[in-house]
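Read in the numbering used here, the sequence shown has 77 at position 92, and its numbers run on one by one without any break.
Cβ atoms here follow ideal geometry from the backbone N, Cα and C, with glycine treated the same way.
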Amino acid sequence: MYSLVFNVPVTHVETVKNAIFAVGGGAMDGYENCCWQVLGEGQFMPGAASNPFLGKRGELYKVEEYRVEMAISKELKDVCVKALKESHPYEVAPYFLVEIIL
């Protein structure tokens, strides 16, 4: 089992979560669409070669984002990450996977 952790702007949190839920992410012990989320502030500076969804190249940008965490099975790891990347508005979706040993 893994924990998929990602940041997403407020405007797209439901879209991204639902894309991952649709392929089976966030399911645990008979429950579906499970996740934990908290609102915070992200920051980044788009580089010269970037094509930012928000902000301008070379300028520090701050945005309200949700940090979302959800359990995903080992078998669904790749398909969940693909759903995340395809539904996330950022050029590079900020995420990581943590293996959970039960």
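- For asparagine 3, the enclosing alpha helix (DSSP H) starts and ends at -2 to 7.
- In the structure shown, glutamate 71 falls within a helical segment according to DSSP collapsed to helix, strand and coil.
- About 26 Å separates the Cβ atoms of glycine 25 and leucine 61, ruling out a contact at the 8 Å cut-off.
- Under DSSP, valine 66 forms no beta bridge with any residue.
- Among the bridge pairs identified by DSSP, glycine 27 is matched with Val48.
- Annotation: the continuous beta strand (DSSP E) that includes serine -12 extends over -13 to -6.
- With respect to the 9 Å criterion, leucine 69 and alanine 4 are classified as neighbours on the basis of their beta carbons.
- When rounded, the separation of the alpha-carbon atoms in tyrosine 75 and glutamate 84 is 24 Å.
- Residue state for glutamate 60 is assigned as helix, using DSSP reduced to three classes.
- Close CB contacts of cysteine 65 within its chain, under the 8 Å cut and outside five residues either way in sequence, are with Leu(-11), Ile5, Val8, Gly9, Gly10, Ile57 (chain order).
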